[in-house]
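Plus 13 on top of the position in the sequence shown (first one is 1) and you've got the numbering used here.
Cβ coordinates follow ideal geometry from the N, Cα and C atoms, glycine included.
Each remark here refers to the structure printed beneath this line.
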Amino acid sequence: MDKNKDTEKKNKSFYFACVICGIAVIAAGFVVTNSLSVRNNTNYEAALPSPTPKINGKQFVEVKPTPVSTPAPQPVQEVAADPSPNQELASTKLIMPVNGIITVNHSLETMVYSPTFGDWRVHKGIDIDAEPGTEVKAVADGIIEHAYTDEMMGRVIEINHGDFVSVYAGVSTIENVEQGAEIKQGDIISETGNTALNESGQNPHLHFEILYGGNSVDPIEYLKD
């Protein structure tokens with residue numbers, strides 16, 4: 014009887030010890046598995062690229078600017094300035110194109126009053142009052158470049174003198190000259206009239222201009238006293 018109890022007691026102890034060992038084995042396996050899982054997840058997350066920022070729920074990719082090379086500055090070439098009209102014309106004194114009184118001066122910077130239009134405007138030449146039919150003469154030697162009728166300036170004669178061009182506007186006729194004809198200083202080319210519409214509000218006169226390099230210059234600086 015006692016032997017049976019001892020045997021039963023030993024069997025229970027053995028079973029209990031087996032259960033404890035089994036639990037220990039299961040627990041050890043769970044710890045090892047969980048450790049490996051954490052390690053693997055850590056390595057996997059470390060291998061992932063860092064997420065791009067999100068703004069208002071939208072994901073943006075950072076784009077690095079591409080460096081642009083700046084070309085070296087090129088040297089500036091100096092351009093020789095046109096010679097002053099004084100240098101070209103100072104040696105040539107021009108005769109008065111008509112005998113009369115200068116009533117309107119050359120003015121490009123200060124406006125002058127126009128009695129024809131009732132306003133203020135620039136004046137590219139000089140106006141020389143003279144009685145109608147007064148002789149108009151070439152101010153220097155040259156070649157007739159143009160002789161034409163302009164809607165605003167009336168009948169116009171232009172003479173090329175090489176370094177400059179003289180312009181005679183509002184003359185009574187252009188019949189006395191021919192394009193390409195050679196002209197000597199003092200030759201009569203026309204007579205004063207009142208054919209310029211843009212200056213018809215003035216007394217009969219000659220509108221006289223000098224062009225140097227296509228630009229208007231003051232004729233008074235080059236006319237003989």
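Note the first and the last residue of the continuous beta strand (DSSP E) segment covering T123.
Stepping through the sequence shown from its first residue, residue 123 is reached at position 110. It spans 120-127 - the beta strand (DSSP E) in which T123 sits, taken as one unbroken run.
Helix, strand or coil: how does DSSP classify N216 here?
On the sequence shown, position 203 is the one that residue 216 refers to. N216 falls in the coil class under three-state DSSP.
Please state if the CB of S185 and the CB of P203 are separated by a distance shorter than 8 Å.
Position 190 of the sequence shown, counted from the start, is the residue given in the question as residue 203. Position 172 of the sequence shown, counted from the start, is the residue given in the question as residue 185. The identity of residue 203 in the sequence shown is Ser, whereas the question assumes Pro. It is a contact, given that the beta carbons lie within the stated cut-off.
Exposed or buried, which one is M124 when buried takes at least 16 other CB atoms within 10 Å?
Locating residue 124 in the sequence shown gives position 111, counting from the first residue. M124 comes out exposed.
In chain order, what residues of the same chain lie with their CB nearer than 7 Å to the CB of V117, ignoring the 5 residues before and after it?
What you label residue 117 is simply residue 104 of the sequence shown in a count that begins at 1. Excluding residues within five positions, the ones whose Cβ falls inside 7 Å are V125, H136, I139, D140.
For the candidate residues E188, A151, S127, R134, whose alpha-carbon lies nearest to that of F221?
As a working note, residue 221 is residue 208 in the sequence shown. The option with the nearest alpha carbon to F221 is A151.
Please confirm if the region 189-201 is in contact with the region 221-233, defined as three or more CB-CB distances below 8 Å between the two stretches.
No, they do not touch.
Where do the ends of the beta strand (DSSP E) carrying T116 lie?
Counting from 1 along the sequence shown, the entry for residue 116 is found at position 103. Counting along the chain, the beta strand (DSSP E) containing T116 begins and ends at 114-117.
Using C-beta distances below 6 Å, list every residue in its chain close to M166, excluding the 5 sequence neighbours before and after it, in chain order.
Taking the sequence shown and counting its residues from 1, the one referred to as residue 166 is at position 153. Around M166: A182, A209.
If you draw a straight line from the C-alpha of G206 to the C-alpha of P145, how long is it?
Within the sequence shown, numbered from 1, the residue matching residue 206 stands at position 193. Within the sequence shown, numbered from 1, the residue matching residue 145 stands at position 132. Going from the Cα of G206 to the Cα of P145 covers about 5 Å.
Taking all protein chains shown into account, decide if P128 is buried (16 or more other Cβ within 10 angstroms of its Cβ) or exposed.
Taking the sequence shown and counting its residues from 1, the one referred to as residue 128 is at position 115. Under this definition P128 is an exposed residue.
Quick check on the burial criterion: 16 or more other C-beta atoms within 10 angstroms. Buried or exposed for T147?
Taking the sequence shown and counting its residues from 1, the one referred to as residue 147 is at position 134. Flag for T147 reads buried.
For H174, collect the residues of the same chain with a Cβ closer than 6 Å to its Cβ; drop the 5 residues on either side in sequence, then sort them by chain order.
As a working mapping, residue 174 is identified with position 161 in the sequence shown. Closer than 6 Å at Cβ, skipping near neighbours: A153, G155.
What is the rounded straight-line gap between the Cα of H159 and the Cα of D132?
Along the sequence shown, read from residue 1 onward, the residue named residue 159 stands at position 146. Along the sequence shown, read from residue 1 onward, the residue named residue 132 stands at position 119. For H159 and D132, the distance between alpha carbons rounds to 30 Å.
Do the CB positions of V180 and E188 come within less than 8 Å of each other?
By 1-based counting over the sequence shown, the position of residue 180 is 167. By 1-based counting over the sequence shown, the position of residue 188 is 175. Not closer than 8 Å, so no.
Quick check: the Cα distance between D200 and E122, rounded to an integer number of angstroms?
Taking the first residue of the sequence shown as position 1, residue 200 is located at position 187. Taking the first residue of the sequence shown as position 1, residue 122 is located at position 109. Computed Cα separation, rounded: 33 Å.
Would V149 pass as a contact of L224 if the rule is Cβ separation under 8 Å?
In the sequence shown, the residue the question calls residue 149 occupies position 136. In the sequence shown, the residue the question calls residue 224 occupies position 211. No.
In this structure, how does DSSP classify E195 when only helix, strand and coil are distinguished?
Mapped onto the sequence shown, residue 195 falls at position 182. If DSSP states are grouped into helix, strand and coil, E195 belongs with the strands.
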